[in-house]
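Visitor:
Protein chains: 2
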Amino acid sequence: MEDVKQAVLDSEPQKIEKVAIPPIARPGDSISAIDTPSLILDLDVFEDNLRTMQVLAERHGVALRPHAKAHKCPEIALRQIALGAVGICCQKVSEAVPFVAAGVRDILISNEIVGSGKLALLARLAKQAHMIVCVDNPKALEALSAMMVEHDANVRVLIELDVGQKRCGVQTPEEAIALVHLIRKLPHVSFAGVQAYHGGIQHKRSWDQRQKAADKTVRQIRQYLDAFYAASIDCAVVSGGGTGTAAFDVASGVFTEIQAGSYAFMDSDYAAIDWGEALSFRHSLFLLGTVMSTPTPDRAVVDLGLKSTSAESGAPQVADREGLRCVGVHDEHSILLASSRRHRPELGTHLRMIPGHCDPTFNLHDCVVAIRGHHVEAIWPISARGLSR
Amino acid sequence: MEDVKQAVLDSEPQKIEKVAIPPIARPGDSISAIDTPSLILDLDVFEDNLRTMQVLAERHGVALRPHAKAHKCPEIALRQIALGAVGICCQKVSEAVPFVAAGVRDILISNEIVGSGKLALLARLAKQAHMIVCVDNPKALEALSAMMVEHDANVRVLIELDVGQKRCGVQTPEEAIALVHLIRKLPHVSFAGVQAYHGGIQHKRSWDQRQKAADKTVRQIRQYLDAFYAASIDCAVVSGGGTGTAAFDVASGVFTEIQAGSYAFMDSDYAAIDWGEALSFRHSLFLLGTVMSTPTPDRAVVDLGLKSTSAESGAPQVADREGLRCVGVHDEHSILLASSRRHRPELGTHLRMIPGHCDPTFNLHDCVVAIRGHHVEAIWPISARGLSR
Numbered sequence: 022m023e024d025v026k027q028a029v030l031d032s033e034p035q036k037i038e039k040v041a042i043p044p045i046a047r048p049g050d051s052i053s054a055i056d057t058p059s060l061i062l063d064l065d066v067f068e069d070n071l072r073t074m075q076v077l078a079e080r081h082g083v084a085l086r087p088h089a090k091a092h093k094c095p096e097i098a099l100r101q102i103a104l105g106a107v108g109i110c111c112q113k114v115s116e117a118v119p120f121v122a123a124g125v126r127d128i129l130i131s132n133e134i135v136g137s138g139k140l141a142l143l144a145r146l147a148k149q150a151h152m153i154v155c156v157d158n159p160k161a162l163e164a165l166s167a168m169m170v171e172h173d174a175n176v177r178v179l180i181e182l183d184v185g186q187k188r189c190g191v192q193t194p195e196e197a198i199a200l201v202h203l204i205r206k207l208p209h210v211s212f213a214g215v216q217a218y219h220g221g222i223q224h225k226r227s228w229d230q231r232q233k234a235a236d237k238t239v240r241q242i243r244q245y246l247d248a249f250y251a252a253s254i255d256c257a258v259v260s261g262g263g264t265g266t267a268a269f270d271v272a273s274g275v276f277t278e279i280q281a282g283s284y285a286f287m288d289s290d291y292a293a294i295d296w297g298e299a300l301s302f303r304h305s306l307f308l309l310g311t312v313m314s315t316p317t318p319d320r321a322v323v324d325l326g327l328k329s330t331s332a333e334s335g336a337p338q339v340a341d342r343e344g345l346r347c348v349g350v351h352d353e354h355s356i357l358l359a360s361s362r363r364h365r366p367e368l369g370t371h372l373r374m375i376p377g378h379c380d381p382t383f384n385l386h387d388c389v390v391a392i393r394g395h396h397v398e399a400i401w402p403i404s405a406r407g408l409s410r
Numbered sequence: 022m023e024d025v026k027q028a029v030l031d032s033e034p035q036k037i038e039k040v041a042i043p044p045i046a047r048p049g050d051s052i053s054a055i056d057t058p059s060l061i062l063d064l065d066v067f068e069d070n071l072r073t074m075q076v077l078a079e080r081h082g083v084a085l086r087p088h089a090k091a092h093k094c095p096e097i098a099l100r101q102i103a104l105g106a107v108g109i110c111c112q113k114v115s116e117a118v119p120f121v122a123a124g125v126r127d128i129l130i131s132n133e134i135v136g137s138g139k140l141a142l143l144a145r146l147a148k149q150a151h152m153i154v155c156v157d158n159p160k161a162l163e164a165l166s167a168m169m170v171e172h173d174a175n176v177r178v179l180i181e182l183d184v185g186q187k188r189c190g191v192q193t194p195e196e197a198i199a200l201v202h203l204i205r206k207l208p209h210v211s212f213a214g215v216q217a218y219h220g221g222i223q224h225k226r227s228w229d230q231r232q233k234a235a236d237k238t239v240r241q242i243r244q245y246l247d248a249f250y251a252a253s254i255d256c257a258v259v260s261g262g263g264t265g266t267a268a269f270d271v272a273s274g275v276f277t278e279i280q281a282g283s284y285a286f287m288d289s290d291y292a293a294i295d296w297g298e299a300l301s302f303r304h305s306l307f308l309l310g311t312v313m314s315t316p317t318p319d320r321a322v323v324d325l326g327l328k329s330t331s332a333e334s335g336a337p338q339v340a341d342r343e344g345l346r347c348v349g350v351h352d353e354h355s356i357l358l359a360s361s362r363r364h365r366p367e368l369g370t371h372l373r374m375i376p377g378h379c380d381p382t383f384n385l386h387d388c389v390v391a392i393r394g395h396h397v398e399a400i401w402p403i404s405a406r407g408l409s410r
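These protein sequences, in sequence, are chains A and U. Residues in the first sequence are numbered consecutively from 22, following the numbering used here. Residues in the second sequence are numbered consecutively from 22, following the numbering used here.
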């Protein structure tokens with residue numbers, strides 16, 4: 022047979038043309054027809070999650086500006102905005118490009134932008150959409166203003182405050198006030214307010230500990246707002262908060278908008294925290310894998326690994342099944358251990374798994390398969406996947 | 022200024038067209054012009070690494086079949102083959118598609134393939150290239166043969182042995198022999214040999230412990246080969262081995278080909294093992310980031326995070342600089358702590374960092390910037406990025 026194949030290859034080279042990879046699924050397909058590994062979104066749950074957060078924000082008179090770094094998918098952002106979100110956040114300038122192209126007209130780059138190529142891209146986007154950007158450094162602010170002047174573009178600016186995250190952001194009210202004064206002096210930039218985000222407290226497991234941490238963050242923000250008030254600086258926007266602290270953020274009296282992102286999907290890391298009585302987000306996002314080896318009575322190997330799911334927040338969890346847990350995540354495999362032979366799925370079985378951390382998991386996939394009930398409703402491109410510049 | 026911008030947006034909507042993201046770099050650019058975050062490959066070191074492994078394999082009369090899952094980049098595979106590699110490995114069927122399109126004609130899918138869509142894709146590739154695939158299950162083998170018959174295609178088959186990895190693979194020589202007999206009965210599949218890979222021992226830190234583990238693996242393989250011999254089964258191929266155990270694998274007398282992949286790049290995980298006197302692989306692969314915030318005298322924040330580098334094998338390490346270490350990797354940021362103010366890089370500084378694990382890191386980038394000395398030589402697409410089906 023080897024000889025036969027060799028002959029075919031040698032005698033008909035002119036017939037060689039690029040093999041196309043078929044689509045991962047088609048609208049109308051049964052979910053059993055979705056190829057694996059894939060990322061699937063249960064639309065009924067997803068839409069419930071969107072409404073829950075939107076209602077929460079509106080009840081407290083706080084704007085919702087969902088973070089698009091969580092999903093990188095314009096179809097998702099458009100649905101958040103349709104429900105009442107004031108716009109979106111992006112973490113990088115290039116990430117904003119497909120959202121602007123899809124029609125989103127109000128984007129906060131919730132991050133500092135350094136580098137002339139990035140600033141030029143921001144300026145071009147600012148001719149098409151209302152762009153807001155964070156600063157924490159006078160030199161970076163001067164470079165931002167100069168690039169906006171060069172392109173005859175305008176951006177609004179939030180001063181980022183370090184409220185305990187120990188990442189970016191000014192360290193003192195004096196620094197913040199100096200930056201406000203500099204913004205006022207510089208052309209084509211205008212002061213809009215502050216960003217105060219503390220990612221580290223979002224995942225604290227206990228409700229009480231999370232509330233205490235959120236209160237501490239709010240007290241730090243108030244120190245800045247008091248200093249602004251004393252300096253007659255009007256701070257229109259206080260942007261921050263996340264899925265884990267949303268219930269406290271909206272009621273805090275300081276935030277004018279919240280930046281939550283994961284609430285739409287609920288990864289296993291967020292699901293593990295104590296949600297109290299206040300909110301009921303459910304898992305809408307799953308990895309779909311195929312059991313491609315069952316070498317022993319208690320072991321099943323699934324065809325998804327580090328190239329389909331991030332694992333720095335822990336291994337993905339098997340959904341809908343008892344007696345089966347993920348004990349290892351390799352580059353292209355997950356190893357499942359069954360508590361007995363009858364818990365081990367058969368070769369070829371499709372399994373749903375819950376990713377540990379949704380943001381970097383979305384960033385591994387070119388599309389998300391949107392399902393409703395037992396059928397595929399749409400395939401949504403993750404258009405900002407890989408756009409980290 | 023807000024009013025001015027609003028007016029521009031409202032009055033000239035017809036001028037809105039999609040903003041294009043500029044290329045990350047251009048051939049001939051100085052390396053200082055490369056945008057960040059990006060993945061860069063030092064070609065001089067990379068080519069040294071390729072030659073070192075090729076010479077090692079040839080000295081022992083063992084074939085080198087580098088694993089393309091490490092890089093997913095056809096330009097890299099073509100250079101490995103040009104130096105003498107017999108072909109490549111891919112871990113998934115879809116991953117092989119861009120390599121076949123680039124002209125690679127001998128590909129081992131070093132993995133089990135389950136699912137009719139994937140088998141059909143394999144059959145179509147097998148009409149254009151010599152495809153080899155692993156099996157560890159009789160039902161999967163029957164489905165493979167049936168699909169090859171349907172497409173009038175042929176594949177060679179390796180039986181995967183579980184030699185301690187506890188992932189896929191048959192557990193006993195009896196199982197392996199039963200599969201050989203089944204292969205011989207079925208049409209359009211032919212028995213080529215065995216795959217015996219143990220990923221878990223590749224990263225054992227000490228040379229002696231790694232050698233002992235490699236020896237144990239070899240003893241397990243010999244049990245299978247002895248059983249084959251007793252059953253008059255000719256096993257032409259024994260494929261396996263990796264970067265960490267390559268020096269032992271080539272000298273073992275059992276492997277006919279080795280599947281190393283990371284040797285070309287050397288991530289920090291592999292660099293941390295004791296290499297003895299035998300081999301001298303060096304770092305050729307780096308992440309390039311920009312310092313985008315310097316909020317305190319000892320802290321610098323770089324614009325690359327989990328969406329540019331995998332972190333399940335540890336944070337990326339700062340290259341070429343002392344007194345600066347990475348203490349946190351967020352979605353789009355790395356936090357660096359400087360041992361003193363003078364060790365902290367200035368805002369806007371480009372820094373090279375060494376990824377912890379090269380395979381999933383390549384899978385995050387659309388291209389790798391190939392540099393020689395201080396200039397960009399080429400931009401190579403990572404064409405198989407995201408192809409995990």
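The beta carbon of each residue, even a glycine, is placed where N, CA and C say it ideally should be. Model, not experiment: these values are computed from the prediction.
(1) Can you give me the Cβ contacts of V239/A inside the same chain, cut-off strictly under 6 Å, excluding the 5 residues immediately before and after it?
(2) On the CB-based measure, 16 or more other CB atoms within 10 Å of its CB, does S334/U come out buried or exposed?
(3) Between the Cα of R126/A and the Cα atoms of N132/A, V118/A, E133/A, which residue gives the shortest distance?
(4) For P316/A, I'd like the list of residues in its chain whose CB is within less than 8 Å of its CB, leaving aside the five on either flank, ordered along the chain.
(5) Leaving out the 5 sequence neighbours to the left and right, which residues in its chain are closer than 8 Å to D255/U when beta-carbon positions are compared?
(6) Alpha carbons only, please: which of S137/A, I153/A, Q101/A, S355/A is nearest the one belonging to V259/A?
(7) For T264/U, which three-state DSSP category applies?
(8) Give a yes or no on whether 8 Å exceeds the smallest Cβ distance from P96/A to chain U.
(9) Whole beta strand (DSSP E) runs in the region 278-347 of chain U with 3 or more residues, listed along the chain?
(10) What do you get for T193/U, buried or exposed, if any count of 16 or more other CB atoms within 10 angstroms of its CB means buried?
(11) Which of the three DSSP states, helix, strand or coil, is assigned to R243/A?
(12) Exposed or buried, which one is R320/U when buried takes at least 16 other CB atoms within 10 Å?
(13) Applying a beta-carbon distance threshold of less than 9 Å, which residues of chain A neighbour K90/U?
(14) Where does I134/U fall in DSSP's three states?
(15) Taking DSSP as the reference, what is the three-state secondary structure of H224/A?
(16) Would you call A281/U buried or exposed, if buried means 16 or more other Cβ atoms sit within 10 Å of its Cβ?
(17) The beta strand (DSSP E) with H151/U in it runs from where to where?
(18) Just to confirm before moving on: does the CB-CB distance between V40/A and R406/U stay below 8 Å?
(19) Taking 8 Å as the CB-CB cut-off, is V40/A touching chain U?
(20) Return the residues of the region 375-388 of chain U that lie within a Cβ-Cβ distance of less than 9 Å from chain A, sorted by chain order.
(21) On the DSSP bridge assignment, give the partners of R373/A in chain order.
(22) With a threshold of 8 Å, are at least 3 pairs of Cβ atoms found where one atom belongs to the region 222-236 of chain A and the other to the region 166-179 of chain A?
(23) Is there at least one non-hydrogen atom of the ligand SAM closer than 7 Å to the beta-carbon of E133/A?
(24) Once DSSP output is grouped into helix, strand and coil, what is the label at R72/A?
(25) Would you list, in chain order, the members of the region 187-198 of chain U that have their beta-carbon closer than 8 Å to a beta-carbon of chain A?
(26) In terms of residue numbering, what span does the beta strand (DSSP E) encompassing I61/A cover?
(27) Of all the CB atoms in chain U, is at least one closer than 8 Å to the CB of K225/A?
(28) Distance, Cα to Cα, V339/U vs E96/A?
(29) I'd like to know whether the C-beta atoms of Q311/U and T382/U end up nearer to each other than 8 Å.
(30) Looking at G377/U: is its Cβ nearer than 8 Å to the Cβ of S283/U?
(31) Can you give the beta carbon distance from M287/A to V135/U, rounded, assuming they're within the 8 Å contact cut?
(32) Closer than 8 Å is the cut-off here; do at least three beta carbon pairs connect the region 217-227 of chain A with the region 154-166 of chain A?
(33) Please report the distance separating the alpha-carbon of H386/U from that of A391/A.
(34) Which one or two residues does DSSP pair with Q216/U in a beta bridge?
(35) Using a Cβ-Cβ distance cut-off of 8 Å, determine whether E133/U contacts chain A.
(36) Can you confirm whether S361/U, when its beta carbon is compared against all beta carbons of chain A, has any partner nearer than 8 Å?
Guide: Concretely, from the data shown:
(1) S273, V275
(2) buried
(3) Per the Cα distances, V118/A.
(4) V322
(5) F249
(6) I153/A
(7) Coil at T264/U, not helix or strand.
(8) Just to set this straight, residue 96/A is Glu in the shown sequence, not Pro. For E96/A, the answer is no, since every Cβ of chain U falls outside 8 Å of its Cβ.
(9) Residue ranges of uninterrupted beta strand (DSSP E) with 3 or more members, entirely inside the region 278-347 of chain U and ordered along the chain, are 306-317, 320-323.
(10) When all chains shown are included, T193/U counts as exposed.
(11) It is helical.
(12) Flag for R320/U reads buried.
(13) K328, D352, E353
(14) coil
(15) coil
(16) buried
(17) 151-156
(18) no
(19) yes
(20) H378, D380, P381, N384, L385, H386, D387
(21) L309/A
(22) In the pairwise beta carbon analysis, the region 222-236 of chain A is classified as not touching the region 166-179 of chain A: fewer than three pairs are separated by under 8 Å.
(23) Absent from the structure shown: the ligand SAM. Ligands present: none.
(24) helix
(25) K187, R188, C189, G190, V191, Q192
(26) 59-63
(27) no
(28) 37 Å
(29) Note that residue 311/U corresponds to Thr in the displayed sequence, not to Gln. No. Outside cutoff.
(30) no
(31) Incorrect: roughly 29 Å between the Cβ atoms, too far for contact.
(32) no
(33) 25 Å
(34) Under the DSSP definition of a beta bridge, Q216/U partners with E181/U, S260/U.
(35) yes
(36) no
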